[in-house]
Amino acid sequence: MRTSKSFDETRRTLLSDPKVAAIYLEECLQDGDMGMFTTALKHVADARGGVTLLSSAAHLNYETLYRTLSEDGNPRLSTLVKVLDAMGLRLGVVPADAHL
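Numbering (my numbering), first residue to last: 118 to 217.
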């Protein structure tokens, strides 16, 4: 009898909460590593029903979105805005010293 969840199950459960997802994405973005950020976006997408559902909600082609969310993906700002909007999130800009 299994009494614990796998790491992936726990991550999906946590990232299904929009507040947790926003904090997770913000932290990944602040590192400046776009590969890590796009991977984090994929994790949130998985927690919200997967890339197929997200591509439909964001009005984006599945294959394009899948490539965008890969570690080597290089998303355009307009794509990021659509993806975040479909997740119920939005991109913001703050002064560089706001998190010091």
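Backbone N, C-alpha and C fix where the C-beta goes; we use that ideal spot for every residue, glycine too.
Taking one beta carbon from each stretch, the region 197 to 211 and the region 135 to 149 have 3 or more pairs nearer than 8 Å; the two touch. Burial is judged here by how many other beta carbons sit within 10 angstroms of a residue's own beta carbon; K159 has at least 16 and is buried. Look at T120 here: in three-state DSSP terms it is coil, with no helix or strand label. Boundaries of the alpha helix (DSSP H) harbouring G152: M151 to A164, taken from the DSSP string. Each residue's CA atom was taken as its position, placing L186 and M153 some 10 Å apart.
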